[in-house]
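If you're matching positions, the sequence shown starts at 656 in this note's numbering and goes up one per residue.
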Amino acid sequence: MSIHHTAYDCCRLCPRQCLADRSRRAGFCRSGTKAKVARAALHHWEEPSISGRRGSGAVFFSGCSLNCCFCQNHQISHEGFGKEVTVRELRDIFLRLQDQGAHNINLVTATHYLPSVVEALDMAGTSLSIPVVYNCGGYERPQVVQALKPYVDIWLPDLKYWSPELSSRYSGAGDYFSWASRAVAQMVLQTGPPVFDEDGIMKSGVIIRHMILPGARRDSLKLLLWMHDSLPQGGYLVSLLSQYTPFHLARDTEDYPELNRRITSYEYEKIVDAAVELGLSEGYMQKRSSAREEYTPPFNLEGIDS
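This is the structure:
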């Protein structure tokens, strides 16, 4: 599969495959053909091997192919806040972040703008000498993952749900695990085991994130079992997130009462214990103090207007 601007004409970039001609109407992702960015700045709240001491060069794209009711970035994913940028401007954003000392370029939810992103990376060429991180919700087409092999050094996918019922209820994507499991397996296959520099900063590899949701402990356990049974030992890192905080529809409506709370220490510790028992101890655990709204970055066009 090739990724170029004609992909916008009948869009199949994400598993929704909505076939929208995005020059005429927005796709399911609420996006047209011009990349829209809400923030481009050094980001210090990723995993230590991604953020390091200097920060990750995070570029937050507006719109999303998922529809998570608890999205902490709903201002950009659901409401579309951001500024449209040209491919050349996007290239300049990448190079500026590198000049600021970023350990990597961190593409946050970029799938629906991939033709523009790939063109910007091509335009940057060898001037961009730091790794590229693909930070996504896991809901990806394996063919797209394959097509990004020349561009992406580090994959940072979420693995959100095993249950179709949960993924349908919370993200409007009953087929989430069917796509995400194949996409994550492809990421691990084509990237290989994690590689770090002398300072412990990741140069290549996969970190699979899983955010534990209130009341969904059994679903988390099934995901851990799938990772253990289906992915090569030592081929990836696991990052177990305790940061769930009620946002967006999970907080502001009565439709999701089970999500309108933070997770308990018991819920988190049971999943951590299970991961250790399965041998999935290579990776990261998060302090429960991370479940705070101030960990969500401000979306204020920082790094875009300069």
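No residue lacks a Cβ here, since even glycine has one placed at the ideal position from N, Cα and C.
Bear in mind that the values here come from a model prediction, so they are computed numbers and not experimental data.
Between the C-alpha atoms of Ser833 and Arg708, what's the straight-line distance to the nearest angstrom? When only Cα atoms are considered, Ser833 and Arg708 end up about 37 angstroms apart.
Cβ neighbours of Asp901 in the same chain (closer than 8 angstroms, five flanking residues each side left out): The sequence given here has Pro at residue 901, not Asp. The beta carbon of Pro901 sits closer than 8 angstroms to those of Phe725, Leu914, Asn915, Arg916, Arg917, all from its chain and outside the five residues before and after it, given in chain order.
Do you know offhand how far Gly737's Cα is from Ala690's? Looking at the two C-alpha atoms, the distance is approximately 9 angstroms.
Exposure label - Asn759; buried when at least 16 CB within 10 Å: Its Cβ being crowded by 16 or more others within 10 Å, Asn759 is buried.
Name the DSSP beta bridge partners of Phe716, please? Paired residues: Val692.
Quick one: complete alpha helix (DSSP H) runs, 4+ long, within the segment 874-943? Positions of the alpha helix (DSSP H) runs, each at least 4 residues long and wholly inside the segment 874-943, are given as 903-907, 920-932 in order along the chain.
Would a check of beta-carbon distances place Glu913 closer than 8 angstroms to chain D? In the structure shown, chain D cannot be found, because there is only a single protein chain.
Between which two residues does the beta strand (DSSP E) containing Trp810 stretch? Unbroken beta strand (DSSP E) run through Trp810: 809-812.
Thinking Met778 and Arg743 are a contact (beta carbons under 8 angstroms), I'd like their distance in whole angstroms, please. Taking 8 angstroms as the upper bound for CB-CB distance, Met778 and Arg743 are in contact here, some 7 angstroms apart.
Beta-carbon proximity check, Gly710 vs Leu697, cutoff 8 angstroms: Yes, the Cβ-Cβ distance between Gly710 and Leu697 is below 8 angstroms.
Would you call the segment 842-851 in contact with the segment 820-828, where contact means no fewer than 3 C-beta pairs closer than 8 angstroms? No: the two stretches stay apart, fewer than three of their Cβ pairs being nearer than 8 angstroms.
Leu674 (DSSP reduced to helix, strand or coil): Note: Leu674 maps to coil in three-state DSSP.
Beta-carbon gap between Arg864 and Leu896 smaller than 8 angstroms: Against a cut-off of 8 angstroms, the Cβ pair of Leu896 and Arg864 comes out as a contact.
Could you tell me the boundaries of the alpha helix (DSSP H) in which Val799 lies? DSSP places Val799 in the uninterrupted alpha helix (DSSP H) bounded by 797-802.
For the 8 angstroms Cβ check, are there 3 or more pairs between the segment 766-780 and the segment 812-824? No: the two stretches stay apart, fewer than three of their Cβ pairs being nearer than 8 angstroms.
Leaving out five residues before and five after Phe954 in sequence, what residues of the same chain have Cβ atoms less than 8 angstroms from its Cβ? Correct list, in chain order: Ala693, Arg694, Phe715, Asn728, Gln730, Ile731, Phe736, Gly737.
Find out if the Cβ-Cβ distance for the pair Cys669, Arg837 is shorter than 8 angstroms. Against a cut-off of 8 angstroms, the Cβ pair of Arg837 and Cys669 comes out as no contact.
Helix, strand or coil for Glu739, going by three-state DSSP, please let me know. It is a strand residue.
State the start and end residues of the unbroken beta strand (DSSP E) segment that holds Tyr789. Residues 787-791.
What is the DSSP secondary structure of Phe851, counted as helix, strand or coil? DSSP places Phe851 in strand when its eight states are reduced to three.
Backbone CA spacing between Val763 and Leu892 [nearest angstrom]: Those two C-alpha atoms are separated by around 19 angstroms.
Output needed for Ala946: all residues of its chain with C-beta closer than 7 angstroms, excluding positions within five of it in sequence on either side, in chain order. Interpretation of Ala946 is limited by its pLDDT of 46, a score under 50 that renders its predicted location unreliable; the figure taken from the coordinates is listed afterwards. Excluding positions up to five away in sequence, the list reads Ser897, Gln898, Tyr899, Thr900, Arg917.
For Ser894 versus Gly938, is the C-beta spacing smaller than 8 angstroms? A contact, by the Cβ cut-off of 8 angstroms.
Report yes or no: do three or more beta-carbon pairs, one from the segment 867-884 and one from the segment 927-938, lie closer than 8 angstroms? Output reads yes: the segment 927-938 touches the segment 867-884.
CB contact flag (Arg873, Glu922, <8 angstroms): Not a contact, by the Cβ cut-off of 8 angstroms.
Got a sec? Which residues, its chain only, sit under 6 angstroms from Leu956 by beta carbon, not counting five neighbours each side? The answer, listed in chain order, is Lys738.
Proximal residues to Ala929 (C-beta, below 7 angstroms), its chain only, five neighbours per side dropped: Annotation for Ala929: Leu876, Leu879 place their beta carbon closer than 7 angstroms to its own, counting only its chain and skipping 5 residues before and after.
Determine the extent of the alpha helix (DSSP H) in which Ile856 is found, giving its start and end residues. Under the DSSP assignment, Ile856 falls outside any alpha helix (DSSP H); it carries neither an H nor an E label.
Do the segment 782-790 and the segment 806-815 make contact, defined as three or more Cβ pairs closer than 8 angstroms? Between the segment 782-790 and the segment 806-815 there are three or more C-beta pairs closer than 8 angstroms, enough to call the two in contact.
What distance in whole Å lies between the Cβ atoms of Pro770 and Ala662, which are believed to be in contact at a cut-off of 8 angstroms? 5 angstroms between Cβ atoms; contact.
Pick out whichever of Arg680, Met656, Asp884, Ala757 has its Cα sitting closest to the Cα of Ser704. The option with the nearest alpha carbon to Ser704 is Ala757.
Quick one: is Val800 buried, meaning 16 or more other Cβ sit within 10 Å of its Cβ, or exposed? Here Val800 is buried, its C-beta having at least 16 other C-beta atoms within 10 Å.
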